[in-house]
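Working notes for the structure below.
There are 2 protein chains.
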Amino acid sequence: MATPGPYDVYAAIAAPARREILGLLASGDQPVQQLAESFQMTLPAVSQHLAILRDAGLVSVRKAGRQRIYSINAEPLKSVAEWAQSYERFWTDKLAALGEYLEENP
Amino acid sequence: MATPGPYDVYAAIAAPARREILGLLASGDQPVQQLAESFQMTLPAVSQHLAILRDAGLVSVRKAGRQRIYSINAEPLKSVAEWAQSYERFWTDKLAALGEYLEENP
DNA sequence: GAAACATTTAAGCAATCGCTTAAGTATCAT
DNA sequence: ATGATACTTAAGCGATTGCTTAAATGTTTC
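Protein sequence lines, in the order shown, are assigned to chains A and B. Quick note on our numbering: the first sequence kicks off at 57 and runs consecutively. Quick note on our numbering: the second sequence kicks off at 57 and runs consecutively.
Structure (structure tokens):
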């Protein structure tokens with residue numbers, strides 16, 4: 057693909073297909089072919105999604121004969137989890153009002 | 057905007073500008089005008105981002121005179137946090153190998 | 001080497017994105 | 001009413017997205 061630069065994690069997980077790929081890889085490494093069987097799209101399309109996940113650092117590849125075995129590398133998701141978690145007080149219903157109050161009156 | 061449908065949360069948070077808007081609203085409700093001051097883009101652009109955040113259920117509006125006061129509604133981020141957290145075992149270095157093993161051999 | 005296989009890369013295309021300017025709608029002030 | 005203010009909606013534009021088919025690049029098998 058000759059990617060223009062490192063792909064943003066948030067952009068990478070924006071596409072449902074790519075989140076599904078991560079889900080599949082979570083239950084074990086898989087070659088491209090096998091991954092593609094889980095989707096209706098063509099194999100090149102899956103390969104392109106994998107390239108984006110690669111650029112985002114969310115997956116890594118190793119060669120095994122003519123196959124490329126993909127494995128998950130969820131570490132970049134840590135920052136996503138932390139970012140989302142930082143809003144936790146807003147969905148902790150009972151204390152939401154207080155939380156917001158404290159934010160506005162530090 | 058006559059939105060074609062409810063906007064996906066993951067797509068909504070994919071744009072840096074929209075995450076920044078959420079960050080700003082986290083420290084207090086703000087009218088559009090005031091939000092726009094924090095950005096280089098035009099006010100209509102901010103308004104469009106707000107429309108997307110609205111469709112994703114991430115913000116809510118109330119009228120105050122001719123102003124629209126936006127406030128954060130982070131609840132949809134809960135599912136994002138949970139989704140990302142579900143991969144936690146993959147970044148818990150020491151136990152990653154075990155975690156993957158257990159996943160493959162349930 | 002030639003042929004089959006696994007995957008990537010290239011090229012192209014319709015749809016969507018993020019932005020702009022311009023026009024519309026609602027509210028307040030005079 | 002008239003005009004200013006606050007915002008949204010519309011229209012348009014270049015860039016990017018997600019896909020496709022076709023061609024190119026390894027790699028194994030014969």
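Just so it is clear, CB atoms sit at the ideal spot from N, CA and C, and this is done for glycine as well. The structure presented is a predicted model; accordingly, all values stated were derived computationally and were not measured.
Compare the beta carbon distance of ALA130(A) and TYR143(B) with 7 Å and say whether it is the shorter of the two.
yes
Three or more C-beta pairs closer than 8 Å, one from the region 107-114 of chain B and one from the region 94-104 of chain A: is that the case here?
no
Extract the residue ranges of the alpha helix (DSSP H) inside the region 62-139 of chain A, only unbroken runs of 4 or more that lie entirely within it.
65-68, 72-82, 88-92, 99-111
Assigned exposure category for PRO132(A) - 16 Cβ within 10 Å defines buried
buried
Proximity test, Cβ basis, 7 Å: LYS134(A) and chain B:
yes
Under the three-state reduction of DSSP, which class applies to TRP147(A): helix, strand or coil?
helix
Among PRO72(B), PHE146(B), TRP147(B), PRO87(B), which residue has its Cα nearest to the Cα of SER116(B)?
PRO87(B)
Would you kindly work out how many angstroms separate the C-alpha atoms of ARG75(A) and LEU106(B), rounded to a whole number?
25 Å
With distances taken from CA atoms, which of ASP85(A), ALA71(A), ALA73(A), ALA70(A) is nearest GLN123(A)?
ASP85(A)
CB of LEU91(A) within 7 Å of CB of ILE128(A), strictly
no
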